[in-house]
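Number 65 in the numbering used here belongs to position 53 of the sequence shown; there are no gaps in the numbering.
We put the beta carbon where it would ideally sit given N, CA and C, even for glycine.
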Amino acid sequence: MVAMNVAVACGGTGGHVFPGLATARELLRRGHDVTLWLTGRDTEQAARKEWDGPVVEVSARGFPSGFSLESLRRGWNLARAVARSRATMRRNRPDVLLAMGSYASVGPCGAARLLGVPIVLHEANVVPGRAVRLFAPAAAAVAAGFEETRYHLRRAKLTVVGIPLREELTAAAQSLPPRESAGRAPFRLLVAGGSLGAHRLNEVAADALARLQRAGVDFSVVHLTGRADEAAIRAAYEAAGVRAEVIAFTTYLAPLYHAADLAICRAGAATCAELAYFGVPALLVPYPLAAMDHQTANAHALEKRGAADVVAESALTPEWLEAYLAQTLRQPDRLARLREAARKEGVRDGTAALADLVERCARRP
């Protein structure tokens, strides 16, 4: 194939940046020229350190909501982002734009539409975000992580590709030893609240696990707390005598997923894909303030396939979680079914499929 000039707009949160970075690397391996379009936010810095290629920064502040001075500022900021993106694209015109769906993709997508550059959108969540809804009618293709997204974008040219996973994660998975059979002691839990942690999830999990410890249950836990709760959760486990490894944050998740008998975590799209890749049974606790409640939709999509259990944060109490874990630990056959369903029915790694779609949609030089 003739080498293409590809722009990848993946600024915003880690859920947009890392899948975009994974696809950019795949396109680079195929001999294409790739430029990342980012916003310069702190949340992008970890990914940026892993990218040696060219980067374009376009500031973005999110969509306007309602009528207020802040909404006017945001609207002006987005209009300015489109203008700046257009000026940059005219100097280095891409053959195709891949946009990973955050508000940070509005500037590049608006510019690409004005310049006639084909747009490929990727929507990782079941419920499409505002940027994807805005540009889907004009896109050459929309790639989705979940089959259920079809119900929300009925008129789009939609292809289900999965969610691109970080190369470090998939590479590490290949080098891990075979997993020990289920039922061995101690039962290993993974608790993760996302890169910033989740205060209520942290507190409830620590309380419930202290109760299990007092009940004489044999288990250990790795708990990713976020920086704010690290010291308090570590102290709580030490006081209760719980065998726990408490970590504020890590991107080296492969061995943690590999070892886990059960994960208790949020339901962001990337997390759902990673759980499926490693076949980890999960209790998903959707973040209740996520835009358009998209984490709840993600979680129920996996629950419907038998790949996870789901509990609303409002229903999550130490007593409920203790009872759930006590029952689940006694059901190795059910955990095995959850693990198998996660592997077979969960969200697949979409890196290669998304790169294929980008190549098919490009304006040929």
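So, is residue i buried or exposed, given that buried needs 16 or more other C-beta atoms within 10 angstroms?
i, result
"residue 47", "buried"
"residue 195", "Note that residue 195 has pLDDT 48, beneath the 50 cutoff, so the model's placement of it is unreliable and the number below is only indicative. Exposed."
"residue 334", "buried"
"residue 228", "exposed"
"residue 198", "exposed"
"residue 278", "buried"
"residue 104", "exposed"
"residue 321", "buried"
"residue 65", "exposed"
"residue 247", "exposed"
"residue 14", "exposed"
"residue 114", "buried"
"residue 230", "exposed"
"residue 273", "buried"
"residue 32", "buried"
"residue 49", "buried"
"residue 359", "buried"
"residue 188", "exposed"
"residue 43", "exposed"
"residue 253", "exposed"
"residue 251", "exposed"
Please identify the residue among the options whose C-alpha is closest to the C-alpha of residue i.
i, options, result
"residue 301", "284, 285 and 280", "280"
"residue 212", "293, 224, 307 and 328", "328"
"residue 242", "368, 210 and 223", "210"
"residue 443", "224, 102 and 118", "The structure shown has nothing for residue 443, since the chain only spans 13 to 377."
"residue 220", "170, 163, 275 and 337", "337"
"residue 63", "202, 146, 222 and 30", "30"
"residue 137", "146, 102, 127 and 164", "164"
"residue 378", "258, 186 and 187", "Residue 378 is absent from the model: the chain starts at 13 and stops at 377."
"residue 239", "223, 222, 250 and 214", "214"
"residue 331", "57, 216, 18 and 35", "216"
"residue 101", "203, 126 and 318", "126"
Look up residue i in the DSSP assignment and give the residues it is bridged to.
i, result
"residue 134", "155"
"residue 173", "DSSP, once it has assigned bridges, lists no residue as partnering residue 173."
"residue 245", "In DSSP, residue 245 forms no bridge with anything."
"residue 232", "200"
"residue 322", "296"
"residue 257", "234"
"residue 17", "45"
"residue 374", "Paired residues: none, contrary to the question."
With residue i and residue j assumed to form a contact (beta carbons below 8 angstroms), what rounded beta-carbon distance in angstroms separates them?
i, j, result
"residue 373", "residue 130", "5 angstroms"
"residue 40", "residue 171", "Residue 40 to residue 171, Cβ: 22 angstroms. No contact."
"residue 297", "residue 325", "6 angstroms"
"residue 275", "residue 294", "4 angstroms"
"residue 112", "residue 19", "Actually they do not touch by this definition, with Cβ atoms about 11 angstroms apart."
Nearer than 7 angstroms: is that true of the beta carbon of residue i relative to any heavy atom of the ligand ADP?
i, result
"residue 71", "Absent from the structure shown: the ligand ADP. Ligands present: none."
Between the stretch 283 to 298 and the stretch 169 to 184, do at least 3 Cβ pairs fall closer than 8 angstroms?
Using a C-beta cut-off of 8 angstroms, the stretch 283 to 298 makes contact with the stretch 169 to 184, since at least three inter-stretch Cβ pairs fall below that distance.
Counting beta carbon pairs with one atom in the stretch 49 to 62 and one in the stretch 15 to 26, are three or more of them shorter than 8 angstroms?
The answer is yes - the stretch 49 to 62 touches the stretch 15 to 26, with three or more Cβ pairs under 8 angstroms.
Assess, as a yes-or-no matter, whether the stretch 234 to 249 is touched by the stretch 345 to 352 under the definition of 3 or more beta carbon pairs within less than 8 angstroms.
The answer is no - the stretch 234 to 249 does not touch the stretch 345 to 352, with fewer than three Cβ pairs under 8 angstroms.
Are the stretch 170 to 179 and the stretch 351 to 370 touching by the rule of at least three beta carbon pairs closer than 8 angstroms?
With a cut-off of 8 angstroms, the stretch 351 to 370 and the stretch 170 to 179 count as touching, because enough Cβ pairs lie within range.
Using 8 angstroms as the Cβ pair cut-off and three pairs as the minimum, do the stretch 88 to 100 and the stretch 115 to 133 touch?
These segments touch.
With three or more beta-carbon pairs closer than 8 angstroms as the criterion, would you say the stretch 263 to 272 touches the stretch 144 to 161?
Put simply, the stretch 263 to 272 does not touch the stretch 144 to 161. Fewer than three CB pairs are less than 8 angstroms apart.
Cβ contact check for the stretch 294 to 308 and the stretch 255 to 266: 3 or more pairs under 8 angstroms
Because the criterion of three Cβ pairs below 8 angstroms is not met, the stretch 294 to 308 and the stretch 255 to 266 do not touch.
Between the stretch 141 to 157 and the stretch 105 to 121, can you find at least three pairs of beta-carbon atoms closer than 8 angstroms?
Touching, yes.
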